[in-house]
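Single-structure report; data block below.
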Amino acid sequence: MVPSPEQQNEFQKRHPDSAPGIYWINSDLCLDCNLCRELAPTVFRRDDRMGISYVYKQPATPQELAQAREAVEGCCVETIFANGHLFNWE
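The sequence shown runs contiguously to residue 85 in the working numbering.
Take a look at the structure:
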């Protein structure tokens, strides 16, 4: 599957320190609600300078994967995506 131009545009709005992989956050949409960091503290971190969350590291264990999926489902503005495998991270 090839990402649409709209998806490509959104992907360009990810945090510059995002760990490459399946999960990523659109920095323009994040409200800094802290939900993702509470649900998956080893995966998501807060950038205090920007006041948003980003993917610090991709989930590596079954528990982290379950927590990341829960964060995607619970995100109030739907800004956490699980389609990073479709994009070129370079």
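Using N, Cα and C, we set each Cβ at its ideal position, and we do this for glycine too. Small disclaimer: the values here were computed from a predicted structure and weren't measured.
Separation of residue j from residue i, as counted between CA atoms
i	j	result
V72	R32	15 Å
S13	M(-4)	22 Å
E59	T37	7 Å
E1	P57	31 Å
Nearest candidate by alpha-carbon position, reference residue i, set the options
i	options	result
T74	G16, L24 and N83	L24
W84	W19, P0 and N29	W19
M45	E68, K52 and L26	L26
Rounded distance between the beta-carbons of residue j and residue i, thought under 8 Å
i	j	result
A35	A77	That belief does not hold up - the Cβ atoms of A35 and A77 are roughly 12 Å apart, past 8 Å.
Endpoints, alpha helix (DSSP H) assigned at residue i
i	result
R67	Note on identity: in this sequence residue 67 is Val, with Arg being the wrong assignment. It spans P57 to G69 - the alpha helix (DSSP H) in which V67 sits, taken as one unbroken run.
F6	P0 to F6
Residue environment, residue i, which counts as buried when at least 16 other CB atoms sit within 10 Å
i	result
A61	exposed
N- and C-terminal bounds of the beta strand (DSSP E) containing residue i
i	result
R41	F39 to D42
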